[in-house]
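One structure below.
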Amino acid sequence: MRVATVCPINKTTIEPDRKRHEWRSIIQEFALNTSTHGIPGIARSQISEWPQNFPAFTICNVARIRYDQFIIPFLNYTNELNITNTNDTTSFSLLQAKYVNEFFRVKVNQNESLTRFFFPLSSMLIKCVFNGKLCSASDFTSFSSSSYGLCYTFNAKLKNMTDVRKSNEYGGSGKLELSFYVHSHQYVPYTTEDIGMIGMVHDNTQFPMIEFAGRALVTGFKHRMTYAKKTIFYLRAPYTTCNDEIPPTMQAMFDSYPDVEYVYSEDLCYDLCTEVYTYYTCGCIDPKQWNARSILLPQTDTIIVAPLCNISDTCHTQAAIVLMNSSTLLEKYCSYCSQQCSITDFIVKSSMWKAPADWLMNDIKTFVKNSGILLPKDWSTNWHSHIHSNYLSIELVHESILVENYTQIPAMGPVTVLSDVGGQTGLWIGISFLSLLEVAEMFYRLIQYQYYAIQEAIRTCIKRN
Numbered sequence: 476m477r478v479a480t481v482c483p484i485n486k487t488t489i490e491p492d493r494k495r496h497e498w499r500s501i502i503q504e505f506a507l508n509t510s511t512h513g514i515p516g517i518a519r520s521q522i523s524e525w526p527q528n529f530p531a532f533t534i535c536n537v538a539r540i541r542y543d544q545f546i547i548p549f550l551n552y553t554n555e556l557n558i559t560n561t562n563d564t565t566s567f568s569l570l571q572a573k574y575v576n577e578f579f580r581v582k583v584n585q586n587e588s589l590t591r592f593f594f595p596l597s598s599m600l601i602k603c604v605f606n607g608k609l610c611s612a613s614d615f616t617s618f619s620s621s622s623y624g625l626c627y628t629f630n631a632k633l634k635n636m637t638d639v640r641k642s643n644e645y646g647g648s649g650k651l652e653l654s655f656y657v658h659s660h661q662y663v664p665y666t667t668e669d670i671g672m673i674g675m676v677h678d679n680t681q682f683p684m685i686e687f688a689g690r691a692l693v694t695g696f697k698h699r700m701t702y703a704k705k706t707i708f709y710l711r712a713p714y715t716t717c718n719d720e721i722p723p724t725m726q727a728m729f730d731s732y733p734d735v736e737y738v739y740s741e742d743l744c745y746d747l748c749t750e751v752y753t754y755y756t757c758g759c760i761d762p763k764q765w766n767a768r769s770i771l772l773p774q775t776d777t778i779i780v781a782p783l784c785n786i787s788d789t790c791h792t793q794a795a796i797v798l799m800n801s802s803t804l805l806e807k808y809c810s811y812c813s814q815q816c817s818i819t820d821f822i823v824k825s826s827m828w829k830a831p832a833d834w835l836m837n838d839i840k841t842f843v844k845n846s847g848i849l850l851p852k853d854w855s856t857n858w859h860s861h862i863h864s865n866y867l868s869i870e871l872v873h874e875s876i877l878v879e880n881y882t883q884i885p886a887m888g889p890v891t892v893l894s895d896v897g898g899q900t901g902l903w904i905g906i907s908f909l910s911l912l913e914v915a916e917m918f919y920r921l922i923q924y925q926y927y928a929i930q931e932a933i934r935t936c937i938k939r940n
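Count along the sequence shown from 1, then add 475; that gives the number in the numbering used here.
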């Protein structure tokens, strides 16, 4: 009696271990490297650029509120509403924390400044050195973040300056050294789960969307970040709809920062047009967007300062969902939010050392005592512990003179259309002989790949049996 070896062939059996041999990679290679299509492509290259503009670096304390400046106005607010009946500034409950956002919403709607509730940079910045030369808090610009309060940027492009700092300034190679003390004992309880700072390396003219692109920086360490520059350039009309023109709504927001020269951002544009639709629908905007209240009314040239919605009101949330799910509404309210024509990004690599060293402790202690922030009650006995819990430093280092460029190029232009009608315009007047051979080669490679995969699966099954 003959016994046959049965080797079931299914998708799992013939699945390869190396993804580079998958059929998808064959089709992808065909799409990228053959001449059958005439769509724009991306050319990748590396060029040497020196000197380079040193990037901007933005830093925020993760806690936006400074307790010692906040607690008395907050108690006055809650006492007036009969939420509390106390003048005790030393304790803070979870019940009180639930009204913090509403307190700030009221302040914003009354057009009161919130700056006094935030941590000033001078109270946190212990050291600033760029390429061996001292810098200070005056070398930073500030902007408001919806999540982190007041944030600070080193080397942002200023309107009254023709250029920014170069990586080789003062004869250096491009290194920024910063040290901070975060004063976590002044964090408002229950309003944040974290202790530390958040930072972002970005282009000098980019408005930092640090809520989404920020990098967490933990206390008790020195964070070493090396960066390499990357640029992306898209084709302008008629190939794409890219546009770098700043729409009026965005310009109204930028006008809040008159010293800094910001450029168009597609991500920011969609955030702002969402607020326009939210105001049109609800009569108010998302209370989390308190730092971007200037909006342009639809079909008008009128810019207004919109009120913030009540915290408990879900209208603004529903409006954002409706807008993002409707192509018609997006075309009406966000038609000016085109793709950026150029993007400058930085590839950042991070590592850490334990910090601070013992010999730095006395200098840090002196800084904290002179920072203008109230000290912890147990400072005299536990100042070592407080420093280790609140100190962090950053070393931002230029990694390479090579810049990685991605440039979108047209697969054909007027010259190629006239000179190579049969090849480059095959999509319109018929596929050329060369294109047919390329398609045939792709199918041959797919069949060959599948054949060898099945044969390998059969051999494996026979060996097992």
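Note that beta-carbon positions come from the ideal geometry of N, C-alpha and C, so glycine has one too.
All values derive from a computational prediction rather than experimental measurement.
Reduced DSSP category for residue i - H, G, I as helix; E, B as strand; rest coil
{"i": "residue 751", "result": "helix"}
{"i": "residue 544", "result": "helix"}
{"i": "residue 921", "result": "helix"}
{"i": "residue 726", "result": "helix"}
{"i": "residue 837", "result": "helix"}
{"i": "residue 626", "result": "strand"}
{"i": "residue 934", "result": "helix"}
{"i": "residue 768", "result": "coil"}
{"i": "residue 583", "result": "helix"}
{"i": "residue 817", "result": "strand"}
{"i": "residue 562", "result": "coil"}
{"i": "residue 843", "result": "helix"}
{"i": "residue 575", "result": "helix"}
{"i": "residue 633", "result": "strand"}
{"i": "residue 763", "result": "helix"}
{"i": "residue 721", "result": "coil"}
{"i": "residue 914", "result": "helix"}
For residue i, the residue or residues it bridges with in DSSP
{"i": "residue 828", "result": "697"}
{"i": "residue 675", "result": "533"}
{"i": "residue 605", "result": "608, 651"}
{"i": "residue 880", "result": "520, 706"}
{"i": "residue 600", "result": "655"}
{"i": "residue 691", "result": "673"}
{"i": "residue 870", "result": "652, 699"}
Rounded straight-line distance, which links the Cα of residue j to that of residue i
{"i": "residue 606", "j": "residue 549", "result": "43 Å"}
{"i": "residue 783", "j": "residue 576", "result": "11 Å"}
{"i": "residue 630", "j": "residue 688", "result": "18 Å"}
{"i": "residue 684", "j": "residue 743", "result": "8 Å"}
{"i": "residue 754", "j": "residue 542", "result": "32 Å"}
{"i": "residue 759", "j": "residue 767", "result": "12 Å"}
{"i": "residue 560", "j": "residue 663", "result": "19 Å"}
{"i": "residue 814", "j": "residue 764", "result": "23 Å"}
{"i": "residue 555", "j": "residue 547", "result": "12 Å"}
{"i": "residue 708", "j": "residue 520", "result": "12 Å"}
{"i": "residue 736", "j": "residue 586", "result": "25 Å"}
{"i": "residue 682", "j": "residue 778", "result": "21 Å"}
{"i": "residue 617", "j": "residue 596", "result": "9 Å"}
{"i": "residue 926", "j": "residue 911", "result": "23 Å"}
{"i": "residue 582", "j": "residue 809", "result": "30 Å"}
{"i": "residue 750", "j": "residue 770", "result": "7 Å"}
{"i": "residue 584", "j": "residue 756", "result": "18 Å"}
{"i": "residue 903", "j": "residue 914", "result": "With a pLDDT of 49 at residue 903, under the threshold of 50, the predicted position of this residue should be treated as unreliable, though the coordinate-derived value follows. Rounded to whole angstroms, residue 903 to residue 914 spans 17 Å at the Cα level."}
{"i": "residue 955", "j": "residue 752", "result": "The structure shown does not extend to residue 955, since the chain spans only 476 to 940, so no value can be given for it."}
{"i": "residue 883", "j": "residue 598", "result": "46 Å"}
Inter-residue CB distance, residue i and residue j (contact presumed, cutoff 8 Å)
{"i": "residue 608", "j": "residue 529", "result": "With a Cβ gap of about 12 Å, residue 608 and residue 529 do not count as contacting."}
{"i": "residue 535", "j": "residue 672", "result": "6 Å"}
{"i": "residue 862", "j": "residue 844", "result": "With a Cβ gap of about 11 Å, residue 862 and residue 844 do not count as contacting."}
{"i": "residue 592", "j": "residue 670", "result": "Not quite, the Cβ-Cβ distance comes to about 18 Å (not below 8 Å), so this is no contact."}
Indicate whether the contact test is met: 3 or more Cβ pairs, each with one atom in the region 673–690 and one in the region 809–828, closer than 8 Å. yes
Decide if the region 633–653 is in contact with the region 591–605; the criterion is three or more beta carbon pairs, one per stretch, under 8 Å apart. yes
Three CB pairs or more closer than 8 Å across the region 566–580 and the region 715–725: no
For the region 833–850 and the region 615–629, state whether three or more C-beta atom pairs, one from each stretch, are separated by less than 8 Å. no
The region 728–735 in contact with the region 574–588 per 3-pair CB rule at 8 Å: no
Looking at C-beta atoms only, is the number of pairs between the region 823–831 and the region 786–794 that lie closer than 8 Å three or more? no
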